[in-house]
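Engineer: Take a look at this one; I'll ask things after.
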Amino acid sequence: MALDTGASVVSRREDMTKGHAERLFPMIDAVLDEARAAPGAIARIAVCTGPGSFTGLRLGIAAARGLALGLGCEVVGVSRLEALAAEARHKAHGHPVAVALALRTDVAVVQCFATDGAPLGPPERVSTAALESVMPPLALRIGDVAELRSILPASLPDPAVIATLGAARTPGEPPAPLYLRDADAALPREAPPAILDA
Amino acid sequence: MASELTILGIESSCDETAAAVVRARAEGGVARGPGQILSNAVFGQEDLHAAFGGVVPEIAARAHAERLDLVVRRALEEAGIGLGAVDAVAVTSGPGLIGGVLSGVMAAKGIALGAGKPLIGVNHLEGHALTPRLSDGVDYPYLLLLASGGHCQLIAVERLGSYLRLGSTIDDAPGEAFDKVAKMLGLGFPGGPEVERRAAEGDAARFEFPRPLMDRPGADMSFSGLKTAVLRARDRLAEGQGGLYRRDVADLCAGFQAAVAEVLASKAARAMRAFRDRYPGLAQPVIALAGGVAANTSLRAGLDAAARAEGFAAIAPPLRLCTDNAAMIAWAGAEHLLAGEHPGAVSARPRWPLDAGAAPLIGSGKKGAKA
Numbered sequence: 001m002a003l004d005t006g007a008s009v010v011s012r013r014e015d016m017t018k019g020h021a022e023r024l025f026p027m028i029d030a031v032l033d034e035a036r037a038a039p040g041a042i043a044r045i046a047v048c049t050g051p052g053s054f055t056g057l058r059l060g061i062a063a064a065r066g067l068a069l070g071l072g073c074e075v076v077g078v079s080r081l082e083a084l085a086a087e088a089r090h091k092a093h094g095h096p097v098a099v100a101l102a103l104r105t106d107v108a109v110v111q112c113f114a115t116d117g118a119p120l121g122p123p124e125r126v127s128t129a130a131l132e133s134v135m136p137p138l139a140l141r142i143g144d145v146a147e148l149r150s151i152l153p154a155s156l157p158d159p160a161v162i163a164t165l166g167a168a169r170t171p172g173e174p175p176a177p178l179y180l181r182d183a184d185a186a187l188p189r190e191a192p193p194a195i196l197d198a
Numbered sequence: 199m200a201s202e203l204t205i206l207g208i209e210s211s212c213d214e215t216a217a218a219v220v221r222a223r224a225e226g227g228v229a230r231g232p233g234q235i236l237s238n239a240v241f242g243q244e245d246l247h248a249a250f251g252g253v254v255p256e257i258a259a260r261a262h263a264e265r266l267d268l269v270v271r272r273a274l275e276e277a278g279i280g281l282g283a284v285d286a287v288a289v290t291s292g293p294g295l296i297g298g299v300l301s302g303v304m305a306a307k308g309i310a311l312g313a314g315k316p317l318i319g320v321n322h323l324e325g326h327a328l329t330p331r332l333s334d335g336v337d338y339p340y341l342l343l344l345a346s347g348g349h350c351q352l353i354a355v356e357r358l359g360s361y362l363r364l365g366s367t368i369d370d371a372p373g374e375a376f377d378k379v380a381k382m383l384g385l386g387f388p389g390g391p392e393v394e395r396r397a398a399e400g401d402a403a404r405f406e407f408p409r410p411l412m413d414r415p416g417a418d419m420s421f422s423g424l425k426t427a428v429l430r431a432r433d434r435l436a437e438g439q440g441g442l443y444r445r446d447v448a449d450l451c452a453g454f455q456a457a458v459a460e461v462l463a464s465k466a467a468r469a470m471r472a473f474r475d476r477y478p479g480l481a482q483p484v485i486a487l488a489g490g491v492a493a494n495t496s497l498r499a500g501l502d503a504a505a506r507a508e509g510f511a512a513i514a515p516p517l518r519l520c521t522d523n524a525a526m527i528a529w530a531g532a533e534h535l536l537a538g539e540h541p542g543a544v545s546a547r548p549r550w551p552l553d554a555g556a557a558p559l560i561g562s563g564k565k566g567a568k569a
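Just so you know, the sequences run in chain order A and B. Residue 1 is where the first sequence starts when you use my numbering, and the numbers rise one by one after that. Residue 199 is where the second sequence starts when you use my numbering, and the numbers rise one by one after that.
In structure tokens:
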């Protein structure tokens, strides 16, 4: 979590596999306290849209949208892919950046960004075997896909980067989680008996 | 706390994303109904779950997370007020599907922090339990039958915060049984309205379905075996004739619905007698209905007849207050605040029995009783 006041950035981070729901609002209080800012001073909220844990994303996004409504301020979404690309750009030496994150054992999401940071396309789900073929030549690769050669490791984005990217964005549709897959739900296995006099 | 409050309520514990603005007033530290419902907005999800024949938790969670702020905006617009005119925010913090409850709690915390309002967590079941006070200004104590897709309980609502469970289903809720019967007969989701429509054309006496737990004392109920009995009857017919005739579907629905009606009415009658023993001095005892099952005319008729026979007045709030909604959550929050309670920390509780002293009957693992 980060608060960008324009003059300085106050940032906090706790790595946890659960407990986000309990920690999120105390952290918001702590960051505001440290920056000596009141909630009313927030002009815009930027929230990470993932990909990531579905529950974690929903918590963050529901809280961000609720807080924006309460404050009457803007809210924008920034994906983990965009944030990781922005963080890595200074290492790319004028080349594009490709971010690849593992979704399951053999499936990843990939998104490529031009040298100015603009996305070259939307996030795409691809099999890890096909990853090489969708990346621009000479692109700097970052992510967590073990099968990919020469890739800079990356895990979670810096919240200050999410704030910076969010500040530069034009608000549009309210942020929604980047699930990249349909909900797990099984359609009924057996059809009901035929109606003989339908 | 002031003697009049305007409360924003938020509900997302199952498959309705809802927000409402309710004004409540108190006399002598006790809320006095009926409340004034300034708005009662509900974004349903039936279309999202229809193909699956039941509520899919992940689909529900996805929808809630992206609709909570929108439904709150709608409720404020319909009430014609801004957040500044709201005294407090009340949110369902359990029991229910954890994905929706969590998103509701987080959105409510954000709204409360942003608008500088106190936040109170409300038990969803208490919202249902107090609805007769919101809708009809019923005084404590009264008997409540909550029968819905997720719950089935007979509760003595003694006073705010004091609920005595007189009976409960030990397995499925009746609304769930209606949905499952609809699914096995290909009648769509939610099943209640269509099963009722088909039942109206059917012969309830053609199939002899069981009346579970009628042979046992007390007001506990069971609907799972009944549902299985319908499935067996369906299979026997389908095997013999290679399918079902419309007549068969109607008769199965009628037989099933009659069994549910009889169980509910006779168990409610037992609870009415237990309630009267506990409160012998009440001039006019009241049994109130809550939950979507109150929409079924035939079940309602059975309960009304049982109430008449036991000397109870039967009260059924309007259907939009019987099914899941946020006006009941706002009202329950208002009752607590008007009683002088201070809002404490709010966290999501997937399991949260209304009567904490009652022995768990269903879904009680190491995490405790569900509801």
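Each residue gets a CB set at the ideal place from its N, CA and C atoms; glycine is no exception.
Does DSSP put V97 of chain A in a helix, a strand or coil?
Structural biologist: Start at 1 with the first residue of the first sequence, and residue 97 of chain A comes out as number 97. V97 of chain A: strand per DSSP, three-state reduction.
Engineer: Pick out whichever of B:G490, B:D418, B:G308, B:C451 has its Cα sitting closest to the Cα of A431 of chain B.
Structural biologist: Taking the second sequence and counting its residues from 1, the one referred to as residue 431 of chain B is at position 233. The candidate whose alpha carbon is nearest that of A431 of chain B is B:C451.
Engineer: I need the boundaries of the beta strand (DSSP E) containing S360 of chain B, first residue and last residue.
Structural biologist: For the purposes of this step, residue 360 of chain B is taken as the residue at position 162 of the second sequence. Residues 360-366.
Engineer: Tell me whether the beta-carbon of G231 of chain B lies closer than 8 Å to the beta-carbon of D369 of chain B.
Structural biologist: Numbered from 1 along the second sequence, position 33 holds the residue referred to as residue 231 of chain B. Numbered from 1 along the second sequence, position 171 holds the residue referred to as residue 369 of chain B. Result no, Cβ atoms of G231 of chain B and D369 of chain B do not sit closer than 8 Å.
Engineer: Is there at least one Cβ from chain A nearer than 8 Å to Y361 of chain B's Cβ?
Structural biologist: Position 163 of the second sequence, counting from 1, holds the residue named residue 361 of chain B. Not closer than 8 Å to any Cβ of chain A, the Cβ of Y361 of chain B fails to qualify, so no.
Engineer: Got a sec: which bits of the segment 156-176 of chain A sit with their beta carbon under 8 Å from any beta carbon on chain B, in order along the chain?
Structural biologist: Per Cβ criterion, the list reads P174, A176.
Engineer: Counting only the same chain and skipping the five closest in sequence on each side, list residues whose C-beta sits under 6 Å from that of R396 of chain B.
Structural biologist: Taking the first residue of the second sequence as 1, we reach residue 396 of chain B at position 198. If we look at R396 of chain B and ignore the five residues flanking it on each side, its Cβ neighbours are V447, A448, C451.
Engineer: Identify every run of the beta strand (DSSP E) within the segment 309-367 of chain B, keeping only runs that are complete inside it and at least 3 residues long; order them along the chain.
Structural biologist: Runs found: 317-321, 340-345, 350-357, 360-366.
Engineer: Report the option in A:A21, A:A100, A:A43 whose CA atom is closest to the CA atom of S291 of chain B.
Structural biologist: Along the second sequence, read from residue 1 onward, the residue named residue 291 of chain B stands at position 93. The candidate whose alpha carbon is nearest that of S291 of chain B is A:A21.
Engineer: Would you grab the beta carbon distance between A528 of chain B and L206 of chain B for me? Rounded to a whole angstrom, and I think it's under 8 Å.
Structural biologist: Position 330 of the second sequence, counted from the start, is the residue given in the question as residue 528 of chain B. Position 8 of the second sequence, counted from the start, is the residue given in the question as residue 206 of chain B. Right, the Cβ-Cβ distance comes to about 6 Å (below 8 Å), so this counts as a contact.
Engineer: Quick one: does G335 of chain B have its CB under 8 Å from some CB of chain A?
Structural biologist: Numbered from 1 along the second sequence, position 137 holds the residue referred to as residue 335 of chain B. No, because no Cβ of chain A sits closer than 8 Å to the Cβ of G335 of chain B.
Engineer: Between E244 of chain B and F387 of chain B, what straight-line distance do the alpha-carbon atoms span, to the nearest angstrom?
Structural biologist: Here residue 244 of chain B corresponds to residue number 46 of the second sequence, with the count starting at 1. Here residue 387 of chain B corresponds to residue number 189 of the second sequence, with the count starting at 1. Using only the alpha carbons, I get a separation of about 7 Å.
Engineer: In the DSSP assignment, find the unbroken alpha helix (DSSP H) run with G373 of chain B in it and report its ends.
Structural biologist: In the second sequence, residue 373 of chain B corresponds to position 175, counting from 1. Its alpha helix (DSSP H) spans residues 372-382.
Engineer: Measuring only between beta-carbons, confirm whether D267 of chain B sits less than 8 Å from chain A.
Structural biologist: Here residue 267 of chain B refers to the residue found at position 69 of the second sequence. Cβ-Cβ to chain A under 8 Å: yes for D267 of chain B.
Engineer: Counting only runs that start and end within the segment 55-98 of chain A, where is the alpha helix (DSSP H) found for 4 or more residues in a row?
Structural biologist: Here the runs fully enclosed are 80-88.
Engineer: In this structure, how does DSSP classify M1 of chain A when only helix, strand and coil are distinguished?
Structural biologist: Looking up residue 1 of chain A in the first sequence gives position 1. The answer is coil: DSSP assigns M1 of chain A none of H, G, I, E or B.
Engineer: Out of A:V75, A:V97, A:I28, point me to the one whose CA is closest to G117 of chain A's CA.
Structural biologist: Looking up residue 117 of chain A in the first sequence gives position 117. Checking every option, the nearest Cα to that of G117 of chain A belongs to A:V97.
Engineer: Name the two residues that bound the continuous beta strand (DSSP E) containing C48 of chain A.
Structural biologist: Here residue 48 of chain A is taken as the residue at index 48 of the first sequence, counted from 1. Where C48 of chain A is concerned, the enclosing beta strand (DSSP E) stretches over 44-48.
Engineer: Within 8 Å of any Cβ in chain B, is that where the Cβ of L180 of chain A sits?
Structural biologist: For the purposes of this step, residue 180 of chain A is taken as the residue at position 180 of the first sequence. No, L180 of chain A lies away from the interface with chain B (no Cβ there is under 8 Å from its Cβ).
Engineer: Expressed to the nearest angstrom, what Euclidean distance is found between the alpha-carbon atoms of L69 of chain A and R80 of chain A?
Structural biologist: As a position in the first sequence, residue 69 of chain A is number 69, starting the count at 1. As a position in the first sequence, residue 80 of chain A is number 80, starting the count at 1. Computed Cα separation, rounded: 24 Å.
Engineer: Based on Cα-Cα distance, which residue from B:T367, B:L383, B:N321, B:V428 lies nearest to G416 of chain B?
Structural biologist: Along the second sequence, one-based indexing puts residue 416 of chain B at 218. If we check each option's Cα against that of G416 of chain B, B:T367 comes out closest.
Engineer: Under a three-way DSSP split, which group does L236 of chain B fall into?
Structural biologist: Counted from its first residue, the second sequence places residue 236 of chain B at position 38. L236 of chain B falls in the strand class under three-state DSSP.
Engineer: Can you confirm whether L67 of chain A, when its beta carbon is compared against all beta carbons of chain B, has any partner nearer than 8 Å?
Structural biologist: Counted from its first residue, the first sequence places residue 67 of chain A at position 67. So, interface residue.
Engineer: Provide the residue span of the alpha helix (DSSP H) that contains I527 of chain B, from first to last.
Structural biologist: The residue you call residue 527 of chain B lines up with position 329 of the second sequence. Its alpha helix (DSSP H) spans residues 525-536.
Engineer: Given a threshold of 16 other Cβ atoms within 10 Å of its Cβ, counted over all protein chains shown, does Q111 of chain A qualify as buried or as exposed?
Structural biologist: Within the first sequence, residue 111 of chain A is the residue found at index 111, counting from 1. Classification for Q111 of chain A: buried.
Engineer: Can you give me the C-alpha to C-alpha distance between P408 of chain B and L178 of chain A, rounded to a whole angstrom?
Structural biologist: What you label residue 408 of chain B is simply residue 210 of the second sequence in a count that begins at 1. What you label residue 178 of chain A is simply residue 178 of the first sequence in a count that begins at 1. Each residue's alpha carbon lies about 48 Å from the other.
Engineer: How many angstroms separate the CA atom of D182 of chain A from the CA atom of Q351 of chain B?
Structural biologist: Counting from 1 along the first sequence, the entry for residue 182 of chain A is found at position 182. Counting from 1 along the second sequence, the entry for residue 351 of chain B is found at position 153. Those two C-alpha atoms are separated by around 35 Å.
Engineer: With respect to the beta strand (DSSP E) encompassing V220 of chain B, which residues constitute its N-terminal and C-terminal limits?
Structural biologist: For the purposes of this step, residue 220 of chain B is taken as residue 22 along the second sequence, with counting starting at 1. That run of the beta strand (DSSP E) goes 214-225.
Engineer: Which parts of the segment 245-297 of chain B are runs of the alpha helix (DSSP H), unbroken and 4 residues or longer, counting only runs that do not cross its ends?
Structural biologist: Runs found: 255-277.
Engineer: Can you list the residues of chain B that L196 of chain A reaches, using a CB-CB cut of under 9 Å?
Structural biologist: Here the question's residue 196 of chain A lines up with position 196 in the first sequence. Q439, G440, G441, L442, Y443, R444, D446, listed in chain order.
Engineer: Just reading off the alpha helix (DSSP H) that R444 of chain B is part of, what are its end residues?
Structural biologist: Residue mapping note: residue 444 of chain B aligns to position 246 of the second sequence, counting from 1. Start and end: 444-476.
Engineer: Would you kindly report the start and end of the unbroken beta strand (DSSP E) that includes T204 of chain B?
Structural biologist: Within the second sequence, the letter at position 6 stands for residue 204 of chain B. Per DSSP, T204 of chain B belongs to the beta strand (DSSP E) from 202-209.
Engineer: Is it buried or exposed, Y340 of chain B, if we count other Cβ atoms within 10 angstroms and call 16 or more buried?
Structural biologist: Along the second sequence, one-based indexing puts residue 340 of chain B at 142. Y340 of chain B is buried by the Cβ-count criterion.
Engineer: Beta strand (DSSP E) containing I28 of chain A: first to last residue?
Structural biologist: Counting from 1 along the first sequence, the entry for residue 28 of chain A is found at position 28. Taken as a continuous stretch (DSSP letters only), I28 of chain A belongs to no beta strand (DSSP E), being part of the alpha helix (DSSP H) at 20-34.
Engineer: Mind listing the chain A neighbours of S301 of chain B? Cutoff is C-beta to C-beta under 8 Å, in chain order.
Structural biologist: Working through the second sequence from its first residue, we reach residue 301 of chain B at position 103. Per Cβ cutoff of 8 Å: R58, L59, A62.
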